[in-house]
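Novice:
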Amino acid sequence: MFIINKEVMADMPIASTVYNILWNGLQAREGFEGIEEVLV
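Going by the working numbering, the sequence shown opens with residue 1446, and the numbers climb by one from there.
1) Helix, strand or coil for N1469 per DSSP?
2) Rounded to whole angstroms, what's the CA-CA distance from I1466 to E1452? Just pull it up for me.
3) Closest to F1477 by CA distance: which of N1469, I1448, I1459 is it?
4) Between Q1472 and I1449, what straight-line distance do the alpha-carbon atoms span, to the nearest angstrom?
5) Quick check: what's the CA-CA separation for G1470 versus T1462?
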């Protein structure tokens, strides 16, 4: 899903954040604070 998202350049901040938490070592707190900024 993440690769398809990158190919079509769709904005999916929640999916991107979860991917980065699971695979790129992003701290969950930082990731969800970033989502909060985008969605609020």
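Cβ atoms here follow ideal geometry from the backbone N, Cα and C, with glycine treated the same way.
Specialist: The relevant details are as follows:
1) N1469 sits in coil when the DSSP states are folded into three classes, being neither helix nor strand.
2) 20 Å
3) I1459
4) 24 Å
5) 11 Å
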